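Numbering (my numbering), first residue to last: 42 to 379.
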Amino acid sequence: MVTLAEVAKAAGVSPSTVSYVLSGKRAISEPTRARVEQAISLLGYHPHAGARALAGKRSHIIALVVPLHTDVYVPVMMEIAISVTMAARQFGYDVLLITNDEGPDGVRRVARSGLADGVILMDVQMDDPRIAVLRETGTHSALIGLPRDARGLACVDHDFVRAGRLAAEHLAELGHREVAFIGYPAAVYERHAGYAERTRSGFEEGARQLGLRAVHRPCDGTYESVAGVFTRILADRPGTTGFVVQNEGAIGPLLSLLRAAGRVVPEDASVVALCQEPLAEQFSPRLTAVSGPTRELGTRAVELVMSRLNGDVPDDVTLLTPVLSRRESSGRAPTKVA
Numbered sequence: 042m043v044t045l046a047e048v049a050k051a052a053g054v055s056p057s058t059v060s061y062v063l064s065g066k067r068a069i070s071e072p073t074r075a076r077v078e079q080a081i082s083l084l085g086y087h088p089h090a091g092a093r094a095l096a097g098k099r100s101h102i103i104a105l106v107v108p109l110h111t112d113v114y115v116p117v118m119m120e121i122a123i124s125v126t127m128a129a130r131q132f133g134y135d136v137l138l139i140t141n142d143e144g145p146d147g148v149r150r151v152a153r154s155g156l157a158d159g160v161i162l163m164d165v166q167m168d169d170p171r172i173a174v175l176r177e178t179g180t181h182s183a184l185i186g187l188p189r190d191a192r193g194l195a196c197v198d199h200d201f202v203r204a205g206r207l208a209a210e211h212l213a214e215l216g217h218r219e220v221a222f223i224g225y226p227a228a229v230y231e232r233h234a235g236y237a238e239r240t241r242s243g244f245e246e247g248a249r250q251l252g253l254r255a256v257h258r259p260c261d262g263t264y265e266s267v268a269g270v271f272t273r274i275l276a277d278r279p280g281t282t283g284f285v286v287q288n289e290g291a292i293g294p295l296l297s298l299l300r301a302a303g304r305v306v307p308e309d310a311s312v313v314a315l316c317q318e319p320l321a322e323q324f325s326p327r328l329t330a331v332s333g334p335t336r337e338l339g340t341r342a343v344e345l346v347m348s349r350l351n352g353d354v355p356d357d358v359t360l361l362t363p364v365l366s367r368r369e370s371s372g373r374a375p376t377k378v379a
């Protein structure tokens with residue numbers, strides 16, 4: 042780790058001058074300040090959290106821990122990251138991106154180094170090991186996601202339980218009785234990603250209460266994977282007429298496979314996707330979709346961090362209400378399945 046003395050040597054000044062530049066407690070000439078700031082940038086120096094606290098300074102940086110998985114849908118993750126960045130700028134803050142492959146150690150490093158004033162976690166697991174570090178270090182934080190135990194945490198997320206139930210209710214209202222849920226890859230459920238677990242539980246509970254015969258199948262999202270899942274569903278349950286998809290990569294292949302099987306959408310089979318509106322509009326037929334305001338997740342997360350930085354630290358869980366938009370891909374259940 043780069044020290045203050047090394048910065049001073051590179052800039053050709055005393056360590057105290059570097060300290061004054063960082064703290065702003067004493068006037069420093071512009072040429073000297075420029076040399077110090079250049080040395081800080083070149084060496085990648087970050088003042089220790091304790092030192093910055095003594096100086097009464099903040100870094101004016103929020104660390105955003107973004108998912109680094111091949112099974113996440115990148116456009117949505119990028120939209121959230123952009124909304125975090127834009128909201129942070131409204132408060133005079135910049136955003137430092139940290140990848141979640143570092144796990145709890147990465148969060149601990151950021152917290153102890155004083156690199157950032159607050160941390161926002163994405164891709165939250167039901168029993169996320171990073172949360173223990175946030176509690177241990179007392180880091181000002183917000184979660185874009187909802188863990189199993191949210192006590193003492195500030196969280197914002199879509200109401201995925203409600204989203205899953207909305208899909209089940211829609212198919213039930215249309216008269217479908219045998220339905221299939223095509224989900225994310227098995228790895229997503231194995232790491233207990235909250236968004237996947239909660240949607241599935243909402244759908245399955247809704248299906249039970251509504252008297253639907255439902256099956257859930259994980260899927261990698263490739264054409265071959267979707268074909269395998271689709272074939273097994275129809276082999277096991279040939280009367281399936283309703284499909285719910287929470288896997289952006291699986292939507293196109295599913296529509297193609299239904300056409301190849303001679304099942305016209307929506308006359309012979311209905312498809313409901315859990316995805317954002319722009320994606321739902323791209324397919325033919327246009328998809329009935331359950332969605333929520335993605336950008337609001339990032340904006341609200343920044344607001345929660347800023348509230349905590351300003352001393353307001355109550356538990357705060359915000360669940361954004363999903364909306365079902367009906368389009369051409371869903372219709373009345375057929376009286377006879379081909």
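Glycine included, each C-beta is placed from N, C-alpha and C at the ideal position.
Just so it is clear, the structure is predicted and the values come from calculations on it, not from any experiment.
{"query": "Given A131 as reference, the closest of S297, H110, I103 and R153 once Cα atoms are compared", "result": "The sequence as given places Gln at residue 131; Ala does not occur at that position. Ranking S297, H110, I103 and R153 by Cα distance to Q131 puts I103 first."}
{"query": "DSSP beta-bridge partners of Q166", "result": "A234"}
{"query": "Burial state of P279, where buried means 16 or more other Cβ atoms lie within 10 Å", "result": "exposed"}
{"query": "Rounded Cβ spacing between E318 and S332 (contact assumed at less than 8 Å)", "result": "5 Å"}
{"query": "Residues sharing a beta bridge with E366, DSSP", "result": "With the sequence shown as reference, residue 366 is identified as Ser, and Glu is not the correct amino acid for it. Bridge partners of S366: A330."}
{"query": "At least 3 beta-carbon pairs within less than 8 Å: the stretch 68–83 vs the stretch 115–127", "result": "no"}
{"query": "Through-space distance from D142 to D112, alpha-carbon basis", "result": "14 Å"}
{"query": "From T281, T272 and E289, residue whose alpha carbon lies closest to that of V220", "result": "T281"}
{"query": "Distance, G247 Cα to R206 Cα", "result": "5 Å"}
{"query": "Beta-bridge pairing of D313 - partner residues as DSSP gives them", "result": "Residue 313 is actually Val in this sequence, not Asp. Answer is V285 and T329, bridged to V313."}
{"query": "Three-state class that DSSP yields for R254 in the structure shown", "result": "strand"}
{"query": "Given D357 as reference, the closest of L345, R368 and V364 once Cα atoms are compared", "result": "L345"}
{"query": "For G155, three-class secondary structure by DSSP", "result": "coil"}
{"query": "Residue range of the unbroken beta strand (DSSP E) whose run includes A195", "result": "A195 to H199"}
{"query": "Within 8 Å, strictly: CB atoms of L37 and A122", "result": "Any answer about residue 37 is impossible in this case: the structure gives the chain only from 42 up to 379."}
{"query": "V358 - partner residues in DSSP beta bridges", "result": "C196"}
{"query": "Whether I223 touches L338 by CB criterion (8 Å)", "result": "no"}
{"query": "Endpoints, the alpha helix (DSSP H) within which T73 is located", "result": "E71 to L84"}
{"query": "Alpha-carbon to alpha-carbon, A51 and R203", "result": "57 Å"}
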